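Peer 1: This note's numbering applies: residue 568 is where the sequence shown begins, and numbers increase by one.
Heads up, the beta-carbon is just placed ideally off N, CA and C, and yes, glycines get one too.
This one's a predicted model, so the numbers in the text were calculated from it and none came from an experiment.
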Amino acid sequence: MNSTYSPTETTKTKALVINALFIALTLVATMFINIKLPIMGNGGLIHLGNVPLFIAALVYGKKTGAIAGALGMGFFDLISGWAAWAPFTFIIVGTMGFLAGLISEKVPGKRELVYTLAVAAALIIKIVGYYFVEVILYGNWIQPFGSIPGNVMQVVLAGIIVVPLAGRLKKRAGQVFE
């Protein structure tokens, strides 16, 4: 048995653990903290799965954000009777996490404003992405408008929770893993 310390293996292990943690947190927050809106057609589902998704993206970056979103919410769809949505969720929410993380990594400026921009970009992806998915699944251009309020509410609520905390969480994460 080789007991030599390897920083590369430690880094890979940390990344694996963090990714798995945020997949699980996103799944649990989506599954157990949700409300189905009773408006038009599908209506929309308000959940707090975007909170761990945005924490993953803003604190740990685009890769962790994409993985947490795609797998966490994709698994939710598969095990909660929304399986037809799973491939779309994988792409849409994975893209949300990736773009939010990319913006938080690359855009200079006051962190709260950058994080708000990242959440706003994710919101646009969610609204546009799910609108067109509903057009495909329901064959109707009007009915998908009923899901927009729920999508807006869940992302805005997550942004209100995460944006003020992300900077402090990022500092903490840096201290813990140094």
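CB-CB under 6 angstroms to residue 620, same chain, minus the five flanking residues each way: which ones, in chain order?
Peer 2: Here the set comprises 593, 635, 636, 664.
Peer 1: Could I get the ranges of all uninterrupted alpha helix (DSSP H) runs contained in the stretch 600 to 687, with 4 residues as the minimum, in chain order?
Peer 2: For the stretch 600 to 687, whole alpha helix (DSSP H) runs of length 4 or above, ordered along the chain, are 617 to 622, 629 to 646, 653 to 673.
Peer 1: Around the Cβ of residue 708, are there at least 16 other Cβ atoms within 10 angstroms (buried) or fewer (exposed)?
Peer 2: When all chains shown are included, residue 708 counts as exposed.
Peer 1: Rounded to a whole number of angstroms, what is the C-alpha to C-alpha distance between residue 731 and residue 681?
Peer 2: Roughly 11 angstroms separates the two Cα atoms.
Peer 1: So what's residue 745 in DSSP terms, helix, strand or just coil?
Peer 2: In this prediction, residue 745 scores a pLDDT of 44, lower than 50, which makes its location untrustworthy; the coordinate-derived value is nonetheless stated afterwards. In the structure shown, residue 745 sits in coil (DSSP, three-state: anything other than H, G, I, E or B).
Peer 1: My guess is that residue 629 and residue 672 are in contact by the Cβ rule of under 8 angstroms, so how many angstroms apart are they, rounded?
Peer 2: Rounded, the Cβ-Cβ distance is 6 angstroms, consistent with contact.
Peer 1: Sort 669, 710, 695 by Cα distance to residue 684 and report the nearest one.
Peer 2: For residue 684, the nearest C-alpha among the options comes from 669.
Peer 1: Quick check: the Cα distance between residue 616 and residue 632, rounded to an integer number of angstroms?
Peer 2: Their Cα atoms are separated by approximately 12 angstroms.
Peer 1: Could you have a look at residue 707 and say whether DSSP puts it in helix, strand or coil?
Peer 2: It is coil, neither helix nor strand.
Peer 1: I need the straight-line Cα distance from residue 688 to residue 591, nearest angstrom please.
Peer 2: Distance between the alpha carbons of residue 688 and residue 591 is about 24 angstroms.
Peer 1: Residue 575: buried (16+ other C-beta within 10 angstroms of its C-beta) or exposed?
Peer 2: With fewer than 16 Cβ atoms within 10 Å of its Cβ, residue 575 is classed as exposed.
Peer 1: Cα-Cα, which of 625, 578, 599 is closest to residue 790?
Peer 2: Given a span of 568 to 745 for the chain in the structure shown, any question on residue 790 remains unanswerable.
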